[in-house]
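Novice: Residue numbers for the sequence shown, in numbering that gives the first Met the number 0: 0 to 386. Structure provided below as structure tokens; questions to follow.
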Amino acid sequence: MKIFHTADWHLGKLVQGTYMTEDQMYILNQFIAEVEKEQPDVVIIAGDLYDRAVPPVDAVHLLDQTLDKIIHGLHIPVLAIAGNHDSPGRLHFGSGLMKENGYHVTGRISPELEPVIIEDSFGEVHFHFIPYTDPSTVRTLLDNDDIRSHDDAVECITRKIHENMDPHARHVAIGHAFVTPFGEERENTSDSERPLSIGGAEYVDAHHFKIFDYTALGHLHQAHYVLEEKIRYSGSPLKYSISEENHKKGFLIVELGENGEVSVEKRLLHPRRDMRRVKMTIDEIFNEKPSDDYVFVQLMDQAPVLSPMEKIRSIFPNAMHVERVQVSPIFVKEEDSIPKTKMNEMELFHAFYKEVKGEGPSEEATEIIKKIMDELNKEEHEEVKMK
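What follows is the structure in structure tokens.
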């Protein structure tokens with residue numbers, strides 16, 4: 000069976016005040032073209048279809064159009080679960096009707112934990128849905144007072160799935176969680192990943208998923224495997240923060256063999272605009288070739304730049320952020336320093352300049368200040384004479 004594994008579409012995403020809907024449409028059209036070319040048996044979306052519980056209308060239309068092209072146009076079923084950014088109720092609405100047409104979506108976990116069964120030439124493949132769910136909900140749903148964390152919840156869910164597994168079928172889990180090799184704390188792969196809980200209770204032990212032939216995960220935005228190569232994150236299809244600057248975005252093509260053996264290929268997607276960091280002076284930026292990329296600019300100029308974003312957008316019209324990189328001041332040893340109360344005017348100027356700029360003034364700047372000070376002293380003497 001050929002499976003397309005994707006996740007974290009975040010439709011309706013707003014980055015630095017810019018809606019990403021057009022970029023998402025561009026990348027999803029590429030994805031649809033790959034679906035048409037490869038003709039997978041199933042497409043998985045492992046959570047966070049939307050970026051918020053109440054998505055913008057354009058985001059809802061984009062998901063509707065994308066699913067229509069894949070399910071009705073190409074006759075390929077789609078299996079999707081809710082992520083922590085989605086509204087479980089809204090996503091689950093109409094799921095009973097939609098599954099008859101090839102769209103199997105689960106917003107809320109059910110106590111029965113019944114799998115979706117899809118057949119290939121080797122027999123049945125059971126897909127087990129584990130959407131993002133608060134541990135308190137799982138505790139009530141499965142009547143288990145011991146569930147206090149996400150790890151407890153997933154352990155209970157996977158144990159119950161294991162008890163009812165058909166030994167003659169192959170099994171694929173679809174989950175949305177922060178999974179680490181042993182449930183230990185790890186850093187997010189992106190600044191745009193919202194914490195699932197506070198106080199270390201969000202991490203889930205990857206060993207719970209060893210019972211499945213393949214586990215398709217969502218939540219972390221960088222594609223990688225956890226513990227074993229059959230437990231994987233596909234990553235998001237687009238960069239959603241500058242912290243994802245070096246991510247290689249795309250989706251996974253999973254080949255599931257007759258006996259549950261798995262091979263995985265990562266297929267890259269190419270965005271309409273890249274998201275990258277630019278670290279230059281304003282003069283260096285003016286010498287750059289104009290680009291529509293989403294850039295985060297770090298200005299290296301020592302002197303302040305007036306209206307920096309206006310100037311930057313003459314070269315990078317979609318610049319998202321600009322900041323000035325401050326050069327660290329050069330500190331001298333206390334015993335080598337001269338108290339400011341004992342400094343003359345020029346020494347005070349040199350000390351101030353070095354503190355602000357991180358280095359002493361040039362000869363030209365020193366001469367200009369000397370002339371100004373001479374003029375001021377001359378005027379002061381003239382005023383004293385007149386009195």
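No residue lacks a Cβ here, since even glycine has one placed at the ideal position from N, Cα and C. Since the model is a prediction, treat every value here as computed from it, not as a measurement.
#1: Pull up the distance between the alpha-carbon of residue 369 and that of residue 302, whole angstroms please.
#2: Just tell me which of 279, 358, 364 and 308 has its CA closest to the CA of residue 324.
#3: Can you tell me where the alpha helix (DSSP H) holding residue 23 begins and where it ends?
#4: Only counting the same chain, and skipping five residues up and downstream in sequence, which positions put a Cβ closer than 7 Å to that of residue 62?
#5: Distance, Cα to Cα, residue 266 vs residue 250?
#6: With a Cβ-Cβ cutoff of 8 Å, do residue 170 and residue 125 count as a contact?
#7: Would you mind working out which of 76, 90 and 39 sits nearest residue 52, comparing C-alpha positions?
#8: Using the Cβ count rule (16 or more neighbours within 10 Å means buried), how would you classify residue 14?
#9: First and last residue of the beta strand (DSSP E) that includes residue 149?
#10: Grouping DSSP H, G and I as helix and E and B as strand, with all else coil, what is residue 172?
#11: Suppose the cutoff is 7 Å on Cβ atoms and the five residues either side in sequence are ignored; what does the same chain contact list for residue 349 look like?
#12: Select from 119, 148, 102 and 308 the residue whose C-alpha is nearest the C-alpha of residue 178.
#13: Kindly indicate which three-state DSSP category residue 308 falls into: helix, strand or coil?
#14: Who pairs with residue 297 in a beta bridge, going by DSSP?
#15: Counting C-beta neighbours from all protein chains within 10 Å, is the total for residue 336 16 or more, i.e. buried, or is it exposed?
#16: Residue 383 to residue 308, Cα distance in whole Å?
#17: Suppose contacts are defined by Cβ-Cβ distances below 8 Å. Is residue 295 in contact with residue 320 by that definition?
#18: Measure the alpha-carbon distance for residue 78 versus residue 145 and round it to whole angstroms.
#19: Would you call the segment 33–45 and the segment 214–233 in contact, with 3 or more CB pairs under 8 Å?
#20: Shortest alpha-carbon distance to residue 176 belongs to which of 270, 204 and 375?
#21: Would you call the segment 92–102 and the segment 125–141 touching, i.e. three or more CB-CB distances under 8 Å?
#22: Which of helix, strand or coil does DSSP assign to residue 212?
#23: Look at the alpha carbon of residue 304 and the alpha carbon of residue 312, and state the distance between them as a whole number of angstroms.
#24: Three-state secondary structure (DSSP) at residue 333?
#25: Which residue from 193, 107 and 226 puts its Cα closest to that of residue 206?
Specialist: In this structure, then:
#1: C-alpha separation (whole angstroms): 20 Å.
#2: Closest by alpha carbon: 279.
#3: Per DSSP, residue 23 belongs to the alpha helix (DSSP H) from 20–37.
#4: For residue 62, where only same-chain residues beyond five positions count, the Cβ hits under 7 Å are 10 and 48.
#5: Roughly 6 Å between the two C-alpha positions.
#6: With a cutoff of 8 Å on beta-carbon distance, residue 170 and residue 125 are scored as near each other.
#7: Residue 90 holds the alpha-carbon nearest to the alpha-carbon of residue 52 among 76, 90 and 39.
#8: Classification of residue 14: buried, given that the 10 Å Cβ count is 16 or more.
#9: Segment 149–162 is the alpha helix (DSSP H) holding residue 149; no beta strand (DSSP E) there.
#10: Strand at residue 172.
#11: Excluding residues within five positions, the ones whose Cβ falls inside 7 Å are 359 and 360.
#12: Residue 148 holds the alpha-carbon nearest to the alpha-carbon of residue 178 among 119, 148, 102 and 308.
#13: In the three-state reduction of the DSSP assignment, residue 308 falls in the helix class, which pools H, G and I.
#14: In the DSSP assignment, the residues bridged to residue 297 are 278 and 322.
#15: Unreliable placement is indicated for residue 336, whose pLDDT of 49 sits below 50; no coordinate value is reported for it.
#16: Interpretation of residue 383 is limited by its pLDDT of 44, a score under 50 that renders its predicted location unreliable; no figure is taken from the coordinates.
#17: Cβ atoms of residue 295 and residue 320: closer than 8 Å.
#18: Rounded to the nearest whole angstrom, the C-alpha separation of residue 78 and residue 145 is 30 Å.
#19: Cβ pair count under 8 Å is three or more, so yes.
#20: Considering only alpha carbons, the answer is 204.
#21: The segment 92–102 is not in contact with the segment 125–141.
#22: Reduced to three states, the DSSP call for residue 212 is coil.
#23: Residue 304 and residue 312: Cα-Cα distance of roughly 14 Å.
#24: Confidence at residue 333 is low in this model, with a pLDDT of 43, below 50, so the placement of that residue should be treated as unreliable; the coordinate-derived value is given next. Three-state result, residue 333: helix.
#25: Considering only alpha carbons, the answer is 226.
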